[in-house]
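Report on one structure; see the data block that follows.
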Amino acid sequence: MLDAIEKHFSPLTQFLEIGCGTGFVLQAIQKTYPHAEITGTELLEEGLAVSRKRLPKVKLEQLDARKLSKDENLQFVGAFDVLEHIPEDTLVLENLFHSIRKGGGIILTVPQHPSLWSQADEIAHHIRRYTKKDLVQKVKAAGFTIEQVHSFVSFLVPLMWLSRKRKSSAMEKNPMREFQLPGLLNKTLGGIMKVERLLTKMGLNFPIGGSLLLVAKKT
Numbered sequence: 570m571l572d573a574i575e576k577h578f579s580p581l582t583q584f585l586e587i588g589c590g591t592g593f594v595l596q597a598i599q600k601t602y603p604h605a606e607i608t609g610t611e612l613l614e615e616g617l618a619v620s621r622k623r624l625p626k627v628k629l630e631q632l633d634a635r636k637l638s639k640d641e642n643l644q645f646v647g648a649f650d651v652l653e654h655i656p657e658d659t660l661v662l663e664n665l666f667h668s669i670r671k672g673g674g675i676i677l678t679v680p681q682h683p684s685l686w687s688q689a690d691e692i693a694h695h696i697r698r699y700t701k702k703d704l705v706q707k708v709k710a711a712g713f714t715i716e717q718v719h720s721f722v723s724f725l726v727p728l729m730w731l732s733r734k735r736k737s738s739a740m741e742k743n744p745m746r747e748f749q750l751p752g753l754l755n756k757t758l759g760g761i762m763k764v765e766r767l768l769t770k771m772g773l774n775f776p777i778g779g780s781l782l783l784v785a786k787k788t
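So the sequence shown is numbered by the numbering used here: it starts at 570 and just counts up by one.
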């Protein structure tokens, strides 16, 4: 996502993250753009408490994305793995459009492929997994112009599919098993993701992926 920000919104002077959680992504953006005006919003106070410790100099607010201000003064808004939690995702997209000034834009990431739905999604309180067509249609309907859309976590889709469709008793008893990876395997998967990021940066657009990234602007 940092590569997408650099490509479409550099130099970044202002950034608002919707659903910043514990501030992990916001921290990376602050480090990359130390002179930008950065704000994080989160619905849950528990997440904000962690963000305040991690990012003491960043403005943080408790906010429901469905009630975002429509004053059209924002340059750039990010929502990373947020829309899938919200029943009224189209309302959030409309609010984002009206909160951003002309020339500004959004970057979104969402889980992709409804066929990958599993207990892991239920544990994460997901309402949906998106198709590329569905997300693009909703973003366009809100008024945005699509700049970039591509899949990521692509190399791991076969592994994800096998893991999520496996009907083992261990998985049924412990749905969190999907997230419990041995150290060596975790490092290997991290290396695979680095290769995928490099190929994406070189212009390769993967047709499938566990997640979807979309960049759009208000023109």
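From the three backbone atoms N, C-alpha and C, an ideal C-beta is built for every residue, glycine too. Please read these numbers as outputs of a predicted model, since none were measured by experiment.
Is residue i buried or exposed, if buried means 16 or more other CB atoms sit within 10 Å of its CB?
i	result
PRO603	exposed
ARG698	buried
HIS694	exposed
LYS600	exposed
LEU624	buried
ALA711	buried
THR714	exposed
THR788	exposed
SER737	Note that SER737 scores 44 on pLDDT, short of 50, meaning its location in the model is unreliable; the coordinates nonetheless yield the value given after this. By the neighbour-count rule (16 or more Cβ atoms within 10 Å), SER737 is not buried but exposed.
SER579	exposed
Who are the near neighbours of residue i in its chain, counting only those whose CB is closer than 8 Å to its CB and skipping five residues on each side?
i	result
MET570	VAL594, GLY647, PHE649, ILE676, THR678 and LEU782
ARG635	ILE655, GLU657, LEU660, VAL661 and ASN664
GLN596	ARG623 and LEU624
Tell me, which residues are paired with residue i by DSSP?
i	result
LYS786	GLY674 and THR714
GLN631	GLU611
LEU643	ILE669
ALA648	ILE587 and LEU677
In chain order, what residues of the same chain lie with their CB nearer than 7 Å to the CB of residue i, ignoring the 5 residues before and after it?
i	result
ILE667	The residue you asked about is not Ile; residue 667 is His in the sequence shown. These residues qualify, in order along the chain: LYS639 and GLU641.
LEU704	VAL679, LEU781 and LEU783
Leaving out five residues before and five after residue i in sequence, what residues of the same chain have Cβ atoms less than 6 Å from its Cβ?
i	result
LEU585	THR608, LEU643 and VAL646
HIS577	GLU716 and VAL784
Within the region 672-724, ranges of the alpha helix (DSSP H) (whole runs, at least 4 residues):
DSSP runs (the alpha helix (DSSP H)) wholly in the region 672-724: 688-692 and 701-710.
Cβ contact (3+ pairs, closer than 8 Å) linking the region 637-644 and the region 679-690
No contact exists between the region 637-644 and the region 679-690.
Sufficient close CB pairs (3 or more, under 8 Å) joining the region 614-622 to the region 646-665
Cβ pair count under 8 Å is below three, so no.
Every unbroken beta strand (DSSP E) inside the region 571-607 [3 residues or more]
You should have 583-587.
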